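Read the structure below first, then the notes.
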Amino acid sequence: MSPSSSNSLRRLARWCAGAFMVALLASPAAAQNPGSITGQVTSSSMAPLSEVQVFIVGTQMGGLTAGNGRFLIRNVAAGTYQLRAVRIGYETVTQSVTVAAGQTAAVNFTMADQALGLDEIVVTGTAGAARRREVGNSIVQISASEVSSPPASVDQLLQAQSPGLMVSAGNGSSGSGAQIRLRGAVSVSQSNQPIVYVDGVRVRSDAYARNISPTEGAGRGGNVTASPLNDINPNDIDRIEVLKGSAASTLYGTEAAAGVIQIFTKRGSQGAPRWTMQVDQGFNRLLPFAPDVDVRPVNDGLAEGPRGSYSYKLMNLDPYLRDGYRQKYSVSVAGGAQTLQYFISGQWDDNEGVLPLDSEQKRGVRGNFTFTPINSLTVQVNSAYNRDDIQNTPAGNNAQGLILNAFRRERNYFANGNPDTISLVLQQDITTRIDRFMLGTTASYDPGGAFNTRLTVGYDDAQLDNRQLRPYGYRQLPGGKLYAGATNYSTLTADLVGSYKYTMGENAVTLSAGGQSVTTEVREVEGEGTDFAGPGDPDVDAGANRLSWERRVREVNAGFFGQALFNIKDKYFITGGFRVDGNSAFGKDLGLQFYPKVSASYVVSDEGFWNESYGSLKLRAAYGQSGRAPGTFDAVRTWNAIGYGGQPTYLPANLGNPNLGPERTGETEVGFDWSGMSSKLNVDFTWYKQHTTDALFAVRHPASEGFSTSQQENVGELQNDGIELNVRATLYDAENWGFDLGTSIYTNHSEVLSLGGAPPFSGGGGQLWIEEGYPITLIRGVNITNANEIADPIVETDVPIGPQAPTKIFGFNATLRMPKGIELSARGEYQGGHYIYDGPSNEGVNRNIRWPTCADYYALTDAGNGSQATAERRYWCDSKFYKRGTMIHKADFFKLRDITARVPLGQLVPGSSNSTLTVSAQNWYRWRNSEFQIFDPEMVTNSGFGDQVPQITEHIPPAASIVASIRVVF
Amino acid sequence: MFRSLKRLGVASTIILAATACDFEVTNPGPTDDAFLDNSQAHQAVANGAARMLYDALNEVAYTTSAVTRELFPAGSTSSFGISISQQAGLLQFDDEHIFDGWLSAQRARYIGESGFDRFAETHEGGNSGYRPAVEAALYAGYASRLLGENWCEAAIDGSAIVSRDEVLKRAETWFTTAIDAAGATTSLATQKTAALAGRASVRVQLGDWAGAVADAAQVPTTFVFYARYEDAQQDQFNRTYFSGADQPYRAVTVWNTPYEGYYTATNDSRVPWNDTGLLGDASVGLVGARVKFFRQAKFPDRGSDIRLSSGYEMRLIEAEKKLKDGDMAGAMTIVNARRTALGLAPWAPANITEAWTNFKRERGIELWLEGRRLGDLYRWKATSTPGALDAKEAPGAADSYLSASQSLCYPIPKSEREANPNISVAP
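Protein chains in written order, with my numbering: chain A, 409 to 1378; chain B, 2 to 428.
See the structure below:
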């Protein structure tokens, strides 16, 4: 490095340090006798609007409004300016303001609802930024400030927010993450979890490793799959953009077929430090999930009162459950000067589960800084650290788990239903610690002309520390056992894009080009020690027998893209683009992959013939492709080196395929966005069709070949289609009262079009199948041909039953606005058309365990009248007839996700500018299809988010909770 | 405009340069197939065949012990349990639990056979006297023996159905290959004897009694060749032990088997069991109740090995040949020599049929829980061999709770049928 450049760097460093101190002290550098601008922003119903970005056009000067809608911009040089107020969901308003030297100018804004937000900026899925009017595909924007209930996690924040966005809670154990699906599944072998970006930086989206030793089955640990999404504090989020399919995600290339979620965290804004403090207090409670019947065996020896006095509604879990206390404290400060703005936050979250050992503690800090060293250059630095400590109760299909042994009562693995005996499993200590660090820097260079460019470099690092101890003397493993696993996940992103806009009168063309590289790495070391010398707190070394494992996987995906956006009269827009990708998991004989896209948007309401009273209407259509890469080693013929009794061995691993490439999903979508009746009625509609070719199937090979029983091959063809309809209406709107109602409909019909000559293969478990002409994924079951006869059952097996994924989802949300700004809202969701496999009932009936769904059958058999039972009842309740693996329920359900009251407290807290009290009841009502009598669709395997097989296992459903939250802004 | 386009061009060039990544990534872990050509890797390949054979025997010995009533089902029906159909003595093609043994046996066979061929091509000195090659052939032989003794029919390398005898002949061929490759190499004497013992047992199944006895005669009485198990990892545990070790499974019991009363009466150390005072881990549908949990003690821990061949088995082959030839006294002399050495009362049959009954019982006792009973019952039934089975192991008998149509061999599993284009899905 030359001396001059070194000096320059030192000067820059000194400048940055100085600027940062100035910003923190919130005493912006004084200009010559500057003035200020202040005012308030209100909605059309005169309610104060917070979180509105108010700024002077063409400068970096501005800030966010406080809870009372007020803003203040200091150090404004005397002159006349255009002052603009922007917030998602409201019409952008610009006013002229003149500031006199040393004076404060007052400007108030009234912002009308504008659902379409045609001039709002979106950045996800476009090369650079674009206005919504220019975008031909559907894109969902979720503004965190619009979410009424205080979400406990990002999963919960996303739940029931948009049609086509399905968030399936894993189960009710602490730390359990959710599976996310956008417009169903586009792959049967690769992950369908969308990829996630935070502030332009790719971060891990697939599940963390479960807390399970490789020597054991999946059920032995807490059986919780934690989600990286939940390392992000929902209070730090400004907004989320969601691309639901390939029509929108082409520019993300090979990894993006399952969609893209981009989270934008809050930024600082110019002005004095603005402190926000929030305290949440509440509790979690498990609600009944089984029939309220007493089916205890006669003389079972337990002192729980006479027959009829006991209920199975919690499946014998009653003695172990508690109301879990939850508390969360968060604080943030935002502010800054013209050259440096900051947003700094911290949280402490302690959430007790309803199971006796379950709890989760999160601590996190975030620092987001915006530097503007020169007018044309903005450097945004976002950083966050989060620590998550999870403790779990042993659960799952686990002989040493609390739930399985409680469900099976006296026929459990202790041969004893006594809670004191079953509680012996609570000697296990199952802990997970996650340390997550995210850092991203984006430099945006915009000299104000036709050219701009943006460079983003980011790093996401997660350290997972799993530990599971069965102590010395543990009833079911007297020698004791300790498993410890340390996994490091890292993702390095580099993303560069440049755009040039050429204007020709009313028309313009914007050319963009860029490149992106994403390198992911997983480094995992696991150890297990068994047979300890005696009691104590052992480490793995203390075991007389020790085992260890290591896994290191690095994948590189990189490519470049180009895009041309043609703007004709600011109402016709055509976009064409492409992405070219390479990936380290591709077969060695496969070259770079090309993914095209094209879209069009037409703002009909800007036409001269359009009557303004018709509202705003945008028509849109898009087609695009993106892909999904095969697994790291899928293309190579390999053997696994495994030790056996001190001897090295080679065992067949993977057949290999040098031509293996990505599966490719092309998506067509057509729709419109309409807003009418003065924005009181808003309708979005999209029809979509996804067609996956070269789908990666685990093509089965006969076991008699002696190698692997399957190999990934690009042979399949899949299809998804459906509609998304979102209607939001303001049914009543007066000064003090109002009522808003929103409904959404989402449908998804999937089909395996071709297996490419491959035989049908398992989609997981024994019930789920990938079969030509059937949905992705098909559940197979039985048909009792003489169901209603008084006879032994006659059964057809392997009968196609139906899809495993919901085919229709209806959502609703309603908000009642009352005087003094009080709001009462509710949000619910129905999912249906699908089927779910019920593992616990399968195992229970198979073992002749008295099961609450069979109360009517036992009434007959206990009275010696079993011969009067129908074939259907005999089949489902008697192991003599029941065929293992066939317990399948029609899974339609409805859940009231939350009911929330929001009460503005004004300046009730001394010194505050605004405060709000929110009380929210979450998950307190559930309806199930009448055929689905037991358990909950959200107490599932949780074996990874890419998994196709959510099936009910020995877990608990997500608990209901009540949370009171007070948020104070100073 | 030109300046801006120039900037865009420069930016694009940088982007292209930045993204011209090297996609060659080397990850540790799985081993590329080509590395196995290196002779330093050959022994590990042969060991792989052994490992798969042990896995297969572990699965087959455990499952068939319940089907033949060497053990009685005591509860669990999945994981380490006995499925409902197996509890009744039925091995059904669509029973998911029958696949693992098939897969492991086929893998053992493939690794051994392909390994032998690979070594012949890549080992400088060829396969003669080459330990990895001898062991690869030996384990390939035992893998085919396992398939031939226990499966009604089979497929090889994705073929159409081949008969049980063809599989057994394949085993015989590979044992012969191992014997030939071992030659007179002193350090390979154990492997050679194991191959002779294996071939003797296969020849019994094929009805080649002269060949069987000739091979058996070369195996000393004290010779034992084991499948090895380890207590380090669950998938290497002796499955019969672990499924009934109350850790936490109590899936099988000696209760209500021929061996329950026999051990009580004789204390024969070959069939030991303990009364735990516990019940099995779930209700048994056949019985309609939970059953007493008598834990087998032949395999006392997770690392207990299972015999693949032994000199005692060879003597039983010799005894059986004599019985077939009508030499009851000669047969009983051989059988009772072992019993006397163990301090047991000798069998004293009154006639040849009773001698067969005693012999069938003795073979069951000697080879208890070693995965051989199913094959014996099959061949005895196929050849209408005289002699009765104990009521607690007889199909259709009330005491045995076995179906009258008890399976005496595994069907080809459904998964193989679905994936193999040369076999119809329906059996």
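For glycine and all other residues, C-beta sits at the position ideal for the given N, C-alpha and C.
Quantities reported herein were computed from a predicted structural model and do not represent experimental measurements.
Along the chain, where does the alpha helix (DSSP H) that runs through Asn359 of chain B open and close?
Unbroken alpha helix (DSSP H) run through Asn359 of chain B: Ile353 to Glu367.
Quick check: the Cα distance between Thr222 of chain B and Thr177 of chain B, rounded to an integer number of angstroms?
21 Å
Are the Cβ atoms of Asp700 of chain A and Ser719 of chain A separated by less than 8 Å?
yes
Where Tyr720 of chain A meets chain B, residues with beta-carbon distance less than 8 Å:
Near Tyr720 of chain A there are no residues of chain B at all, since even the closest Cβ is about 18 Å away, more than 8 Å.
What does DSSP give as the partner residue(s) for Ala226 of chain B in the beta ladder?
The question names Ala, yet the displayed sequence has Phe at residue 226 of chain B. Bridge partners of Phe226 of chain B: B:Ser310.
Go ahead and label Glu1071 of chain A buried or exposed: buried means 16 or more other beta carbons lie within 10 angstroms of its beta carbon, across all protein chains shown.
It counts as buried.
Give me the subset of the stretch 984–996 of chain A whose CB atoms are less than 8 Å from a CB atom of chain B, sorted by chain position.
For the stretch 984–996 of chain A, the beta-carbon criterion of a distance under 8 Å to any beta-carbon of chain B is satisfied by Gly990, Asn991, Ser992 and Phe994.
Alpha helix (DSSP H) segment containing Ala190 of chain B, residue limits
Ala190 to Leu207
Rounded to whole angstroms, what is the Cα-Cα separation between Leu722 of chain A and Asp1344 of chain A?
12 Å
Where does Arg715 of chain A land, buried or exposed, given buried means 16+ other C-beta within 10 angstroms?
exposed
Any idea if Glu1231 of chain A is buried or exposed, counting beta-carbon neighbours within 10 angstroms, 16 or more meaning buried?
A residue is called buried when at least 16 other Cβ atoms come within 10 angstroms of its Cβ; Glu1231 of chain A meets this threshold and is buried.
Which one of B:Gly76, B:Ala89 and B:Ala51 has the shortest CA to CA distance from Ile307 of chain B?
B:Ala51
Return no unless some Cβ of chain B is closer than 8 Å to the Cβ of Leu1139 of chain A.
no
Does the Cβ of Ser956 of chain A have 16 or more other Cβ atoms within 10 Å, making it buried, or fewer, making it exposed?
exposed
By alpha-carbon positions, which one of A:Asp1246, A:Gln1098 and A:Ala950 ends up nearest to Leu590 of chain A?
A:Gln1098
Going along chain A, which residues have a C-beta under 7 Å from Gln234 of chain B?
Thr623 and Leu955
DSSP beta-bridge partners for Pro1227 of chain A?
DSSP lists no beta-bridge partner residue for Pro1227 of chain A.
Quick one: is Phe986 of chain A buried, meaning 16 or more other Cβ sit within 10 Å of its Cβ, or exposed?
That one is buried.
Assigned exposure category for Leu417 of chain A - 16 Cβ within 10 Å defines buried
Any reading at Leu417 of chain A needs caution, since the residue's pLDDT is 38, under 50, leaving its predicted position unreliable; the model's value is listed next. By the 10 Å Cβ count, Leu417 of chain A comes out exposed.
Nearest-angstrom beta carbon gap, Gly583 of chain A and Val632 of chain A [assumed within contact, 8 Å]:
At roughly 5 Å, the Cβ-Cβ gap stays under 8 Å, so Val632 of chain A and Gly583 of chain A are in contact.
Distance, Cα to Cα, Ile976 of chain A vs Pro1004 of chain A?
22 Å
Is Gly49 of chain B helix, strand or coil when you go by DSSP?
helix
Give me the chain B residues within the contact set of Asn1168 of chain A, using Cβ-Cβ distance strictly less than 9 Å, ordered along the chain.
Rather than Asn, the amino acid found at residue 1168 of chain A in this sequence is Pro. Neighbours of Pro1168 of chain A on chain B, chain order: Glu419.
Ser410 of chain A burial status per 10 Å Cβ neighbour count (16 or more: buried)
Confidence at Ser410 of chain A is low in this model, with a pLDDT of 38, below 50, so the placement of that residue is unreliable and no value is reported for it.
What are the boundary residues of the alpha helix (DSSP H) that includes Trp1 of chain B?
This structure does not reach residue 1 of chain B, given that chain B is present from 2 up to 428, and the question cannot be answered.
Counting only Cβ pairs nearer than 8 Å, list the residues of chain A close to Val68 of chain B.
Residues of chain A passing the Cβ test: none, with the nearest at roughly 17 Å.
When the distance is taken between beta carbons, is Arg819 of chain A closer than 8 Å to Asn724 of chain A?
no
Can you tell me whether Ile1342 of chain A is buried or exposed? The criterion is at least 16 other CB atoms within 10 Å of its CB, across all chains shown.
buried
Less than 8 Å between the beta carbons of Glu419 of chain B and Pro558 of chain A, yes or no?
Cβ atoms of Glu419 of chain B and Pro558 of chain A: not closer than 8 Å.
Starting from Met454 of chain A and walking both ways along the alpha helix (DSSP H), at which residues does that stretch end?
Where Met454 of chain A is concerned, there is no enclosing alpha helix (DSSP H), given that its DSSP letter is neither H nor E.
Top-ranked residue by Cα proximity to Leu659 of chain A, from A:Val531, A:Arg539 and A:Val575:
A:Val531
Just the Cα atoms here: how many angstroms apart are Thr849 of chain A and Ile1374 of chain A?
33 Å
Could you tell me which of A:Thr1269, A:Arg1258 and A:Phe1378 sits nearest to Leu1316 of chain A, measuring between CA atoms?
The option with the nearest alpha carbon to Leu1316 of chain A is A:Phe1378.
Interface partners of Leu885 of chain A on chain B, CB under 9 Å
Gln248 and Pro249
Start and end residues, beta strand (DSSP E) containing Glu1071 of chain A
Glu1071 to Gly1084
Output yes or no for whether 8 Å exceeds the beta carbon distance between Ile588 of chain A and Gln601 of chain A.
yes
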